[in-house]
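Undergrad: Using my numbering, read the sequence shown as starting at 32 and increasing by one per residue. We put the beta carbon where it would ideally sit given N, CA and C, even for glycine. The structure follows.
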Amino acid sequence: MATGPVIDAYGVCRSPLSWISLSRIGLSRIGRPVADDRDPVAGPTARHDAGPARARHAAGVRRWRRGIAPLVWVAVAFGVVQLLVVPLRLPLGWDEAVYASQVSPRVPAAYFSAPRARGISWLAAPAVLLSASVVVLRAWMLALATAGLVAAFWPWRRLVGEAVTAVAAAAFAGLWVVQFYAGEVMPNLYVAYGAMAATGWFLRAAATCTATSTSTAAVARPGWRGAWAGVAVSVAFTALMRPPDAVFLAFALLAAVALVRSWRRWRPAAAVVGGLTAGLVPWLIEAYTDFDGPVARLRDGSGVQGGMGWTNTLGMHLRALNGPLLCRPCHIPWDYPLLSLWWLATPVVAAASLILVLGLTMRTRHRQGGRTAVGGRTTVSGRGTPPVAAVALPLACAAAMALQYLFLLDYAAPRFLIPAYAQLAIPVAAFAVTLWRGARRRWRPILAVALGLAFAVHLTSQYLVLQRRVGDQVRLRADTLQAAERLHRAGLSPPCTLVGPEVVSVAFHAGCSSEALTGNNTSTTAGELLQRARSEPVATAARIPGAPGFARGWTPCVLRMPDGADWYLYLAPSPRMTGHCG
């Protein structure tokens with residue numbers, strides 16, 4: 032079997048990815064002698080052919096509109112579910128407040144630790160700059176998440192077909208963790224979007240043939256430059272969101288370039304490396320300005336995350352699969368094992384998908400005497416089968432991007448594996464659709480019902496978990512806005528400073544600066560606080576009573592919260608402190 036580009040009888044260069052149906056990407060006319068409607072024809076013939084040409088163009092436009100509908104409707108349904116289930120008034124969590132404060136003109140920027148990146152802050156910036164409203168911010172993030180779902184899966188339409196793309200997008204968007212974080216100011220979902228787009232554009236670009244033959248000139252497919260640009264932009268976007276995830280993604284793509292002979296050209300490597308470099312520039316600049324260089328920033332980031340080293344957290348991720356949002360330390364029991372079966376089955380189904388598609392492809396090529404089907408299509412019962420590369424590469428990228436979270440970090444959070452879930456959605460969807468297409472006609476209705484029921488049960492279970500997690504967060508964050516209001520009544524009005532281990536989100540909504548004296552986010556010292564207290568209101572806040580040593584002479588105050596989780600404040604003496612405790 033040839034591994035490099037092949038020149039067919041019509042002088043067209045076919046790559047190993049020529050299993051992709053050229054008719055699906057609008058190139059079915061390449062490689063066969065047909066009349067070109069654009070050829071100049073003089074006289075009455077031109078006028079005679081104009082009508083059929085316009086009709087064919089109109090039919091093509093209608094087919095194009097119908098073709099994008101499934102993915103778009105999946106995205107619309109995804110956005111509607113968020114509006115119905117996740118309240119837009121949900122106050123910001125800890126990490127969200129850190130990210131939003133970096134671009135807010137109304138709140139001092141919270142301490143920005145070494146592992147973080149500023150990409151998600153820049154995405155949220157338009158809403159944060161426009162308004163202090165949480166509703167505006169969450170609506171903006173939801174709109175971005177809905178559009179991002181389409182952008183991430185868009186290049187896959189021509190690789191695996193409309194059906195597989197729509198099923199994959201629906202399976203990914205149906206996960207509770209994806210739905211919950213659609214309106215959150217958190218980077219993980221956008222890492223998944225960037226990685227999915229990068230993988231898809233990489234395969235689209237690799238499917239173009241730019242090689243030449245000594246005997247026959249190769250014909251390059253249109254749009255290959257745009258596809259490589261899509262790779263670079265997508266990798267850069269991923270790096271802006273989370274640099275470590277982008278590095279693992281780039282490693283997987285570069286490994287593919289090295290292993291596949293026809294991909295061993297400068298353009299694939301240049302697109303990946305160039306995109307990664309561009310995306311890392313802000314992180315590198317900040318490393319030199321705030322962390323004494325990239326090595327020091329990596330070292331500090333490892334310390335913030337508890338020290339990165341070889342470990343095994345598969346059990347932690349399984350126990351945390353249905354919540355809580357952060358499992359650190361992760362000593363919780365495994366609740367609802369039946370709702371976790373999909374997590375155990377997904378890698379098995381993805382591997383089975385690769386075996387199935389590979390087997391069908393080899394069988395078809397064997398029947399055709401080692402040649403690709405006409406137009407580059409591998410067929411099963413008259414229908415297209417996804418190309419092997421379109422199943423194998425997402426599997427490799429999913430494994431690479433999950434590696435650091437499963438075997439290098441000693442804690443778990445459901446959001447960490449969102450990028451891997453996105454990549455695995457393509458093989459899982461390809462397995463279901465290919466299985467149905469390959470079945471005998473009389474078995475297809477039964478198989479469709481079985482697959483539909485399984486998918487419906489899965490979506491229902493995810494919806495139930497989503498409801499529970501949303502309810503938990505509503506209760507946990509309910510006192511955030513009330514605590515901010517009572518801080519104002521106690522005398523803390525901007526500019527002000529709030530100190531404590533859990534004050535970031537409360538300080539954000541109160542318009543105060545948040546500081547920490549201990550822990551991974553240590554940002555100030557007692558001496559600096561005492562100096563600051565001379566010019567602005569300063570207070571320490573904690574969930575348990577007891578003033579820090581430097582604040583023992585400060586005025587105690589208890590903020591009584593409706594849920595009983597009171598805040599214990601100690602207010603520094605200040606001429607501006609004119610409020611009352613309550």
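Would DSSP call residue 587 helix, strand or coil?
TA: By 1-based counting over the sequence shown, the position of residue 587 is 556. In the structure shown, residue 587 sits in a strand (DSSP, three-state: E or B).
Undergrad: For the structure I just gave you, are there three or more beta carbon pairs, one from the segment 354 to 361 and one from the segment 385 to 395, closer than 8 angstroms?
TA: Taking 8 angstroms as the limit for Cβ pairs, the verdict is that the segment 385 to 395 does not touch the segment 354 to 361.
Undergrad: What is the C-beta distance between residue 493 and residue 294, in whole angstroms, given that I count them as a contact (C-beta under 8 angstroms)?
TA: Working through the sequence shown from its first residue, we reach residue 493 at position 462. Working through the sequence shown from its first residue, we reach residue 294 at position 263. 36 angstroms between Cβ atoms; not a contact.
Undergrad: Would you call the segment 210 to 218 and the segment 461 to 468 in contact, with 3 or more CB pairs under 8 angstroms?
TA: No: the two stretches stay apart, fewer than three of their Cβ pairs being nearer than 8 angstroms.
Undergrad: Can we say the segment 530 to 549 touches the segment 130 to 145, given the rule of at least three CB pairs closer than 8 angstroms?
TA: Taking 8 angstroms as the limit for Cβ pairs, the verdict is that the segment 130 to 145 does touch the segment 530 to 549.
Undergrad: Are there 16 or more other CB atoms within 10 angstroms of the CB of residue 123, so buried, or fewer, so exposed?
TA: In the sequence shown, counting from the first residue as 1, residue 123 sits at position 92. When all chains shown are included, residue 123 counts as buried.
Undergrad: If I measure Cβ to Cβ from residue 594 and keep anything under 8 angstroms in the same chain, skipping five residues before and after, which residues do I get?
TA: Translated into positions along the sequence shown, residue 594 becomes position 563. Excluding sequence neighbours, residue 594 sits near 506, 509 and 510.
Undergrad: Is residue 304 near the ligand FAD, judged by its Cβ being under 8 angstroms from some heavy atom?
TA: Ligands displayed in this structure: none; no statement on the ligand FAD is therefore possible.
Undergrad: Would you list the residues sitting across from residue 598 in a DSSP beta bridge?
TA: Numbered from 1 along the sequence shown, position 567 holds the residue referred to as residue 598. Beta-bridge pairing links residue 598 to 590.
Undergrad: Output the distance between the C-alpha atoms of residue 382 and residue 479, rounded to the nearest integer angstrom.
TA: The residue labelled residue 382 in the question sits at position 351 within the sequence shown. The residue labelled residue 479 in the question sits at position 448 within the sequence shown. Roughly 21 angstroms separates the two Cα atoms.
Undergrad: Residues in the same chain with beta-carbon distance under 8 angstroms from residue 411, minus the five sequence neighbours each way, listed in chain order, please.
TA: Position 380 of the sequence shown, counted from the first residue, corresponds to residue 411. With a pLDDT of 35 at residue 411, under the threshold of 50, the modelled position of this residue cannot be trusted, and the question is left open.
Undergrad: Rounding to the nearest angstrom, what Cα-Cα distance links residue 554 and residue 228 in this structure?
TA: The residue labelled residue 554 in the question sits at position 523 within the sequence shown. The residue labelled residue 228 in the question sits at position 197 within the sequence shown. Their Cα atoms are separated by approximately 37 angstroms.
Undergrad: Could you please give the first and the last residue of the uninterrupted beta strand (DSSP E) stretch that includes residue 573?
TA: Working through the sequence shown from its first residue, we reach residue 573 at position 542. Here the beta strand (DSSP E) through residue 573 covers 569 to 573.
Undergrad: Is the segment 560 to 569 touching the segment 526 to 537, taking contact as three or more C-beta pairs under 8 angstroms?
TA: The segment 560 to 569 vs the segment 526 to 537: in contact.
Undergrad: Is residue 326 near residue 299, with beta carbons less than 9 angstroms apart?
TA: Looking up residue 326 in the sequence shown gives position 295. Looking up residue 299 in the sequence shown gives position 268. It is not a contact, given that the beta carbons lie outside the stated cut-off.
Undergrad: If you compare alpha carbons, which of 497, 346 and 119 is closest to residue 167?
TA: Here residue 167 refers to the residue found at position 136 of the sequence shown. Checked all of 497, 346 and 119; the closest Cα to residue 167 is 119.
Undergrad: Could you tell me the alpha carbon to alpha carbon distance between residue 499 and residue 417, rounded to whole angstroms?
TA: As a working note, residue 499 is residue 468 in the sequence shown. As a working note, residue 417 is residue 386 in the sequence shown. Roughly 37 angstroms separates the two Cα atoms.
Undergrad: Taking C-beta to C-beta, are residue 143 and residue 321 nearer than 9 angstroms?
TA: Counting from 1 along the sequence shown, the entry for residue 143 is found at position 112. Counting from 1 along the sequence shown, the entry for residue 321 is found at position 290. Yes, Cβ-Cβ distance for residue 143 and residue 321 is below 9 angstroms.
Undergrad: Taking the Cβ atom as the reference point for each residue, do residue 276 and residue 344 lie within a distance shorter than 9 angstroms?
TA: Along the sequence shown, read from residue 1 onward, the residue named residue 276 stands at position 245. Along the sequence shown, read from residue 1 onward, the residue named residue 344 stands at position 313. Contact: no.
Undergrad: What residue from 549, 421, 292 and 592 has the CA that sits closest to residue 516's CA?
TA: Locating residue 516 in the sequence shown gives position 485, where the first residue counts as 1. The candidate whose alpha carbon is nearest that of residue 516 is 592.
Undergrad: Note down the Cα distance separating residue 181 from residue 111, rounded to an integer number of angstroms.
TA: As a first step, residue 181 must be located in the sequence shown, where it is residue number 150. As a first step, residue 111 must be located in the sequence shown, where it is residue number 80. C-alpha separation (whole angstroms): 15 angstroms.
Undergrad: For residue 177 versus residue 428, is the C-beta distance shorter than 9 angstroms?
TA: Stepping through the sequence shown from its first residue, residue 177 is reached at position 146. Stepping through the sequence shown from its first residue, residue 428 is reached at position 397. The answer is no: Cβ separation not under 9 angstroms.
Undergrad: Check whether the Cβ atoms of residue 335 and residue 385 lie closer than 9 angstroms to each other.
TA: The residue labelled residue 335 in the question sits at position 304 within the sequence shown. The residue labelled residue 385 in the question sits at position 354 within the sequence shown. Contact flag unset, no.
Undergrad: If we ignore side chains and look at the alpha-carbon of each, how far apart do residue 378 and residue 455 end up?
TA: For the purposes of this step, residue 378 is taken as the residue at position 347 of the sequence shown. For the purposes of this step, residue 455 is taken as the residue at position 424 of the sequence shown. Straight-line Cα distance between these residues: approximately 8 angstroms.
Undergrad: Assuming residue 421 and residue 282 form a contact by the criterion Cβ under 8 angstroms, report the distance between their Cβ atoms to the nearest whole angstrom.
TA: Taking the first residue of the sequence shown as position 1, residue 421 is located at position 390. Taking the first residue of the sequence shown as position 1, residue 282 is located at position 251. So it is not a contact: roughly 20 angstroms between Cβ atoms.
Undergrad: So, is residue 151 buried or exposed, given that buried needs 16 or more other C-beta atoms within 10 angstroms?
TA: Here residue 151 is taken as the residue at index 120 of the sequence shown, counted from 1. Classification of residue 151: buried, given that the 10 Å Cβ count is 16 or more.
Undergrad: Could you give the residue range of the alpha helix (DSSP H) that holds residue 177?
TA: Residue numbering aside, residue 177 sits at position 146 when the sequence shown is read from its first letter. Looking at the DSSP string, the run of the alpha helix (DSSP H) that includes residue 177 is 165 to 184.
Undergrad: Among the residues of its own chain, which have a CB less than 7 angstroms from the CB of residue 145, if the five just before and after it don't count?
TA: The residue labelled residue 145 in the question sits at position 114 within the sequence shown. So the list reads 322, 328, 331, 332 and 335, once near-sequence residues are dropped.
Undergrad: Sort 364, 337 and 586 by Cα distance to residue 551 and report the nearest one.
TA: Counting from one through the sequence shown, the residue named residue 551 turns up at place 520. Residue 551 has its Cα closest to that of 337, out of 364, 337 and 586.
Undergrad: Taking its Cβ as the centre, do 16 or more other Cβ atoms sit within 10 Å of residue 319, making it buried, or is it exposed?
TA: Taking the first residue of the sequence shown as 1, we reach residue 319 at position 288. Exposed, since its Cβ has fewer than 16 Cβ neighbours within 10 Å.
Undergrad: Using only alpha-carbon positions, find the residue among 540, 194, 585 and 513 that is nearest to residue 597.
TA: Taking the first residue of the sequence shown as 1, we reach residue 597 at position 566. Selected option, being the one with the closest Cα: 513.
Undergrad: In chain order, what residues of the same chain have a beta carbon less than 8 angstroms from the beta carbon of residue 274, not counting five sequence neighbours either side?
TA: In the sequence shown, residue 274 corresponds to position 243, counting from 1. For residue 274, where only same-chain residues beyond five positions count, the Cβ hits under 8 angstroms are 148, 310, 311 and 314.
Undergrad: Please state whether DSSP places residue 556 in a helix, a strand or coil.
TA: Locating residue 556 in the sequence shown gives position 525, counting from the first residue. The answer is coil: DSSP assigns residue 556 none of H, G, I, E or B.
Undergrad: Taking the continuous alpha helix (DSSP H) assigned at residue 511, which residues delimit it?
TA: Here the question's residue 511 lines up with position 480 in the sequence shown. That run of the alpha helix (DSSP H) goes 475 to 521.
Undergrad: Drop a sphere of 10 angstroms on the beta-carbon of residue 536, count the other beta-carbons inside from all chains shown, and report buried for 16 or more, exposed for fewer.
TA: Walking along the sequence shown from the start, residue 536 turns up at place 505. Buried, because 16 or more other Cβ atoms sit within 10 Å of the Cβ of residue 536.
Undergrad: Count the other C-beta atoms from every protein chain shown that fall within 10 angstroms of the C-beta of residue 185, then say buried if there are 16 or more, exposed otherwise.
TA: Numbered from 1 along the sequence shown, position 154 holds the residue referred to as residue 185. The residue in question, residue 185, is buried, as its Cβ has 16 or more Cβ neighbours within 10 Å.
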